[in-house]
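>
Protein chains: 2
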Amino acid sequence: MTKKYRELPKLSFSETRDLLLDKIEPLNSENVMIDECLGRVSARIYFATNAVPNFVKSPLDGYAMRSCDIRYASEDNPVTLKVVDEIRAGVLPTKVINKGEAAKILTGAPVPQNADCVIMYEQTEFDEKSVTVKQSLKPQQNIIQIGEDQQKGMMLVPRGSAINPAMIGLLASQGFHEICTYKTPEIAVISTGDEVQDLDQPLVFGKVYNSTRYLLAAELRKMNFRCNYLGIAQDNVENITALIDKGMEENDTVIITGGVSAGDYDLVPEAMQKCGIEIMAYGVRMKPGMACCYGIKKGKLCIGLSGNPASAMINFHAVAKPLLKKLAGFAEVCPKLFKVRVINAFGKTAKSERLLRGSLVLENGSCEMKVNAEQGNIVISSMVNADLLAIVPKEHGPVNPGDELDAFFI
Amino acid sequence: MTKKYRELPKLSFSETRDLLLDKIEPLNSENVMIDECLGRVSARIYFATNAVPNFVKSPLDGYAMRSCDIRYASEDNPVTLKVVDEIRAGVLPTKVINKGEAAKILTGAPVPQNADCVIMYEQTEFDEKSVTVKQSLKPQQNIIQIGEDQQKGMMLVPRGSAINPAMIGLLASQGFHEICTYKTPEIAVISTGDEVQDLDQPLVFGKVYNSTRYLLAAELRKMNFRCNYLGIAQDNVENITALIDKGMEENDTVIITGGVSAGDYDLVPEAMQKCGIEIMAYGVRMKPGMACCYGIKKGKLCIGLSGNPASAMINFHAVAKPLLKKLAGFAEVCPKLFKVRVINAFGKTAKSERLLRGSLVLENGSCEMKVNAEQGNIVISSMVNADLLAIVPKEHGPVNPGDELDAFFI
Chain P
45 MTKKYRELPK LSFSETRDLL LDKIEPLNSE NVMIDECLGR VSARIYFATN
95 AVPNFVKSPL DGYAMRSCDI RYASEDNPVT LKVVDEIRAG VLPTKVINKG
145 EAAKILTGAP VPQNADCVIM YEQTEFDEKS VTVKQSLKPQ QNIIQIGEDQ
195 QKGMMLVPRG SAINPAMIGL LASQGFHEIC TYKTPEIAVI STGDEVQDLD
245 QPLVFGKVYN STRYLLAAEL RKMNFRCNYL GIAQDNVENI TALIDKGMEE
295 NDTVIITGGV SAGDYDLVPE AMQKCGIEIM AYGVRMKPGM ACCYGIKKGK
345 LCIGLSGNPA SAMINFHAVA KPLLKKLAGF AEVCPKLFKV RVINAFGKTA
395 KSERLLRGSL VLENGSCEMK VNAEQGNIVI SSMVNADLLA IVPKEHGPVN
445 PGDELDAFFI
Chain F
45 MTKKYRELPK LSFSETRDLL LDKIEPLNSE NVMIDECLGR VSARIYFATN
95 AVPNFVKSPL DGYAMRSCDI RYASEDNPVT LKVVDEIRAG VLPTKVINKG
145 EAAKILTGAP VPQNADCVIM YEQTEFDEKS VTVKQSLKPQ QNIIQIGEDQ
195 QKGMMLVPRG SAINPAMIGL LASQGFHEIC TYKTPEIAVI STGDEVQDLD
245 QPLVFGKVYN STRYLLAAEL RKMNFRCNYL GIAQDNVENI TALIDKGMEE
295 NDTVIITGGV SAGDYDLVPE AMQKCGIEIM AYGVRMKPGM ACCYGIKKGK
345 LCIGLSGNPA SAMINFHAVA KPLLKKLAGF AEVCPKLFKV RVINAFGKTA
395 KSERLLRGSL VLENGSCEMK VNAEQGNIVI SSMVNADLLA IVPKEHGPVN
445 PGDELDAFFI
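Protein sequence lines correspond, in order, to chains P and F. With positions in the first sequence counted from 1, the corresponding number in my numbering is that position plus 44. With positions in the second sequence counted from 1, the corresponding number in my numbering is that position plus 44.
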């Protein structure tokens, strides 16, 4: 089989991402119970079918009355009203409030007809039959209006958005108890490399523990995806092909690490071709994370990442994550860029774009980034505190304190 | 039973939080498998027991050689070396590299003795027996040093920190496959209020759907806690007492919503007392979220929040969340405050501190907050896009664009 993929042009990370985004479609939708939908992606727009609240109610325990009856009430001119009703929450008022009357009212209870204000319990003197008020209230004071939280017809949840707690509160307040969401992507993870060793045995000299598997699985789980680990493929095309085939059959995407760099053991692209996967990108013009291989078979994505954990993860954040977000149904899949002012220098220069790991510093009203100390291809330790990747443009010289870079959250 | 709790001083949210923090101890620890520890809280410090990598290796596919042999290599002066070995990853080199020799080397493979640089495969001309180089390399160029990711003894994971994907990568690379974490708090959630209705029936006029239950459960699950919902207690002390008792027995904390405001139906504090819970705080000087009730029994927390969902959630974020984080073993439990510049005005003033819901805006290098439109006690809709709470100090006048406030992430 020819290795035509080696002739594919090497694009920037955003060009590679955009090229592949065009090939990905979201998964189907399914209904889930409302108490299972946190973090799921909404597959339809939800509008308010009712106003919330749908009746005028009291925000506190107190007395409901007509504001005109207490217009001139003060310490020197106390006004005593007759208590004609007691309205608990969940119970409809039976009496209209007439001149000189009030109703005891509890938090959340409907305000009776003709009453237009509620005074706090602690601001009155009262007995069972009467309440004395020593201040005036404005019309509508301490009254919760119809629709104060949600107007009928307002959008509660847009399509393609991760459902957060407040959205769940809104959906529940409308009585929705099954929510239409996109299916959760199932991602197969395959490791390769004869040097990679499972965790349960003492480390053989010259080998490394399989950290990328766990790192990648955790990133996928953080995105709310399911991760199915298929094992370590031996360094031969047959073995890798068999695992990719299995992964592609039973999952929505396959991610395989190692075996993608440009030596003559670039087994992964060869195995991908054997599986009938069309390779769309082989390598990306970025540092770290240059070594990678992206292919598609019947709309299904197969991703080969570097065996070096930091390279793998930076390529993952820059290229793979937006693709997986599209698959998962997100409406916004590309990270939002914003400017950060770099606090500390980074001396190395590169011909291609470089993505620098860093931490966001929000102090004194400014938006800054601390560049983490180690930026090597294999360095995981500098990702522990990294919440940002900043983009150093190609041909950019050394990064100096005070430089402004575009950055995005990871 | 006397209602002495009514005489408790009303403190600020931070004073209330700090008072209660003193009473809370973290849960016990347990070991979990490494692929289950994402988001769990580490219960011990993890140090690197080995350097990673623990041998000198190649970051790429290429040829390992002595830099002195190619010191004068150039386009005009190509240097041809004899290929004496081929080193795959996971295999130890058998040959020493002598003058005029090189070894073919694959990504991740150990660099052979005497070689001190690796040249990329693409930058050479080669056949099976020789490689020709047309450039010089520096000593140590393209060599991954011992400990480049992790020095032996370096701290990988501090105690009391939520375990993130990069930490999982570090732990795996050291071969740790069981991780010592704090137990996950189990939180009982109880709703109260005769006006509160389950989602599965058409809404009765004057009642409201039980949104707070789902909102609160989602916030707890977002914190990685388990949430056990015990149902809606009817508005009487006996019923509430029974559910609190059950909740306290089977869970690490109880949160009950509704029935805490200062009317004569303040059933929750009464029920808490009946359960033998010592009430430590009844009400907090903050807006919204003033109505609340916090008590302790044998070191176990019982939290009463408002029935108004926004009040409940703001009190939750400001007071309850740090307490629950301490229970869960977090070392840092109080939110980090940082300055935000407010973009838009908020006119209402208050005698007590006010927590404003808003969204962080990071543009042009500055750290700003958009105050969300609706800030009422019952308004959930303005929490959908809220990622911050900003603190308006007590007695502060109206908030104007450009004002600087302390804020924290929720």
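Here a beta-carbon is modelled for each residue, glycine too, at the ideal position from N, C-alpha and C.
So, with DSSP's three-state summary, where would you put R110 of chain P?
The count along the first sequence starts at 1 and reaches residue 110 of chain P at position 66. Looking at R110 of chain P - three-state DSSP - the assignment turns out to be coil, as it is neither helix nor strand.
> Tell me whether the beta-carbon of V127 of chain P lies closer than 7 Å to the beta-carbon of V177 of chain P.
Counting from one through the first sequence, the residue named residue 127 of chain P turns up at place 83. Counting from one through the first sequence, the residue named residue 177 of chain P turns up at place 133. In this structure, V177 of chain P does not lie closer than 7 Å to V127 of chain P by Cβ.
> Can you pull the chain P neighbours of K194 of chain F, defined as C-beta to C-beta under 9 Å?
By one-based count along the second sequence, residue 194 of chain F stands at place 150. For clarity, residue 194 of chain F is Gln in the given sequence; the question names Lys instead. Within 9 Å Cβ-Cβ: V423, I424 and S425.
> Would you say the segment 425-432 of chain P touches the segment 45-61 of chain F, given that touching needs at least three Cβ pairs under 8 Å?
Contact between the segment 425-432 of chain P and the segment 45-61 of chain F is absent, because fewer than three Cβ pairs lie under 8 Å.
> According to the Cβ coordinates, are T225 of chain P and V76 of chain P closer than 7 Å?
Along the first sequence, one-based indexing puts residue 225 of chain P at 181. Along the first sequence, one-based indexing puts residue 76 of chain P at 32. Yes, the Cβ-Cβ distance between T225 of chain P and V76 of chain P is below 7 Å.
> How would you list, in chain order, the residues of chain F whose beta-carbon sits under 7 Å from the beta-carbon of F452 of chain P?
The count along the first sequence starts at 1 and reaches residue 452 of chain P at position 408. Per Cβ cutoff of 7 Å: no residues; F452 of chain P is ~11 Å from chain F at best.
> Compare the beta carbon distance of P437 of chain F and A389 of chain F with 7 Å and say whether it is the shorter of the two.
On the second sequence, residue 437 of chain F is found 393 positions in, with the first residue counted as 1. On the second sequence, residue 389 of chain F is found 345 positions in, with the first residue counted as 1. Not in contact: P437 of chain F and A389 of chain F (Cβ atoms no closer than 7 Å).
> Per DSSP, what are the beta-bridge partners of I300 of chain P in this structure?
In the first sequence, residue 300 of chain P corresponds to position 256, counting from 1. Answer is P:I234 and P:G348.
> Any Cβ of chain C within less than 7 Å of the Cβ of F360 of chain F?
Among the protein chains of the structure shown, namely P and F, there is no chain C.
> Roughly how many angstroms lie between the CA atoms of R401 of chain P and Q419 of chain P, to the nearest whole one?
Stepping through the first sequence from its first residue, residue 401 of chain P is reached at position 357. Stepping through the first sequence from its first residue, residue 419 of chain P is reached at position 375. Each residue's Cα considered, the two are about 7 Å apart.
> Mind checking which residues open and close the beta strand (DSSP E) that includes A434 of chain P?
The residue you call residue 434 of chain P lines up with position 390 of the first sequence. It spans L432 to V436 - the beta strand (DSSP E) in which A434 of chain P sits, taken as one unbroken run.
> Work out the CA separation of K342 of chain F and L259 of chain P for me, nearest whole Å.
Locating residue 259 of chain P in the first sequence gives position 215, counting from the first residue. Locating residue 342 of chain F in the second sequence gives position 298, counting from the first residue. Rounded to whole angstroms, L259 of chain P to K342 of chain F spans 40 Å at the Cα level.
> In chain P, which residues lie less than 7 Å from S305 of chain F when you measure between Cβ atoms?
By 1-based counting over the second sequence, the position of residue 305 of chain F is 261. Residues of chain P passing the Cβ test: L104, D105 and T151.
> Using a Cβ-Cβ cutoff of less than 6 Å, which residues in the same chain neighbour Q185 of chain P once the five nearest sequence positions on both sides are dropped?
The residue you call residue 185 of chain P lines up with position 141 of the first sequence. Taken in chain order, the residues that qualify are C161.
> Using a cut-off of 7 Å between C-beta atoms, extract the partners of Y258 of chain P located in chain F.
Position 214 of the first sequence, counting from 1, holds the residue named residue 258 of chain P. Those are I78, D79, I212, G213 and A216, listed as they occur along chain F.
> Return the residues of the segment 241-258 of chain P that lie within a Cβ-Cβ distance of less than 9 Å from chain F, sorted by chain order.
Per Cβ criterion, the list reads Q241, D242, L243, D244, Q245, P246, L247, V248, F249, G250, K251, V252, Y253, N254, S255, T256, R257 and Y258.
> Within this structure, are the beta carbons of M109 of chain P and A153 of chain P separated by less than 7 Å?
Position 65 of the first sequence holds residue 109 of chain P. Position 109 of the first sequence holds residue 153 of chain P. Contact flag unset, no.
> Taking just the CA atoms, how far does D450 of chain P sit from G106 of chain F?
Within the second sequence, residue 106 of chain F is the residue found at index 62, counting from 1. Within the first sequence, residue 450 of chain P is the residue found at index 406, counting from 1. So the alpha carbons of these two residues sit roughly 34 Å apart.
> Between I276 of chain F and L311 of chain F, is the Cβ-Cβ spacing less than 7 Å?
If you number the second sequence from 1, residue 276 of chain F lands on position 232. If you number the second sequence from 1, residue 311 of chain F lands on position 267. Contact flag unset, no.
> Taking only three categories from DSSP, how would you classify K414 of chain F?
If you number the second sequence from 1, residue 414 of chain F lands on position 370. In this structure, K414 of chain F counts as strand in the three-state DSSP scheme.
> Quick one: any contact between the segment 368-380 of chain P and the segment 394-412 of chain P, if contact means 3 or more CB pairs under 8 Å?
Cβ pair count under 8 Å is below three, so no.
> Pull the bridge partners of S73 of chain F from the DSSP assignment, please.
In the second sequence, counting from the first residue as 1, residue 73 of chain F sits at position 29. BP columns for S73 of chain F point to F:Y226.
> Report buried or exposed for G302 of chain F, applying the criterion of at least 16 other Cβ atoms within 10 angstroms of its Cβ.
Position 258 of the second sequence holds residue 302 of chain F. Label assigned to G302 of chain F: buried.
> Closer than 8 Å is the cut-off here; do at least three beta carbon pairs connect the segment 288-296 of chain F with the segment 335-355 of chain F?
Touching, yes.
> Using the three-state DSSP reduction, which class does E263 of chain P fall into: helix, strand or coil?
Residue 263 of chain P sits at position 219 when you count from the first residue of the first sequence. If DSSP states are grouped into helix, strand and coil, E263 of chain P belongs with the helices.
> Helix, strand or coil, according to DSSP, for N82 of chain P in the structure here?
Sequence index remark: in the first sequence, residue 82 of chain P carries index 38 (1-based). This sequence places Leu at residue 82 of chain P; Asn is not what is there. L82 of chain P: coil per DSSP, three-state reduction.
> Could you name the residues of the same chain whose beta carbon sits closer than 7 Å to that of N98 of chain P, not counting the 5 residues immediately before and after it, in chain order?
Taking the first residue of the first sequence as position 1, residue 98 of chain P is located at position 54. So the qualifying residues of the chain are I190.
> Taking a contact to mean a Cβ-Cβ separation below 7 Å, would you say S217 of chain F touches S350 of chain P in this structure?
Residue numbering aside, residue 217 of chain F sits at position 173 when the second sequence is read from its first letter. Residue numbering aside, residue 350 of chain P sits at position 306 when the first sequence is read from its first letter. No; because the gap between Cβ atoms is not below 7 Å, this pair is not in contact.
> Are any of the Cβ atoms in chain P nearer than 7 Å to that of N283 of chain F?
By one-based count along the second sequence, residue 283 of chain F stands at place 239. It does not: the Cβ of N283 of chain F has no partner Cβ on chain P nearer than 7 Å.
> Using a Cβ-Cβ cut-off of 7 Å, state whether G327 of chain P counts as contacting chain F.
What you label residue 327 of chain P is simply residue 283 of the first sequence in a count that begins at 1. Answer no: the Cβ-Cβ gap between G327 of chain P and chain F never drops below 7 Å.
> With a threshold of 7 Å between beta carbons, is I131 of chain P in contact with chain F?
In the first sequence, counting from the first residue as 1, residue 131 of chain P sits at position 87. Output row for I131 of chain P: interface = no.
> Would you mind stating whether P353 of chain F and C337 of chain F have Cβ atoms separated by less than 7 Å?
Translated into the one-based positions of the second sequence, residue 353 of chain F becomes position 309. Translated into the one-based positions of the second sequence, residue 337 of chain F becomes position 293. It is not a contact, given that the beta carbons lie outside the stated cut-off.
> The alpha helix (DSSP H) with L63 of chain P in it runs from where to where?
On the first sequence, position 19 is the one that residue 63 of chain P refers to. Where L63 of chain P is concerned, the enclosing alpha helix (DSSP H) stretches over F57 to L65.
> Cα-Cα, which of F:R61, F:V135 and F:N72 is closest to D279 of chain P?
Position 235 of the first sequence holds residue 279 of chain P. Measuring from the Cα of D279 of chain P, the nearest candidate turns out to be F:V135.
> Is S350 of chain F near the ligand ATP, going by C-beta to nearest heavy atom under 6 Å?
Because no ligand of any kind appears in the structure shown, any question about the ligand ATP cannot be addressed here.
> Closest Cβ-Cβ distance between V428 of chain F and chain P: below 7 Å?
Here the question's residue 428 of chain F lines up with position 384 in the second sequence. Output row for V428 of chain F: interface = yes.
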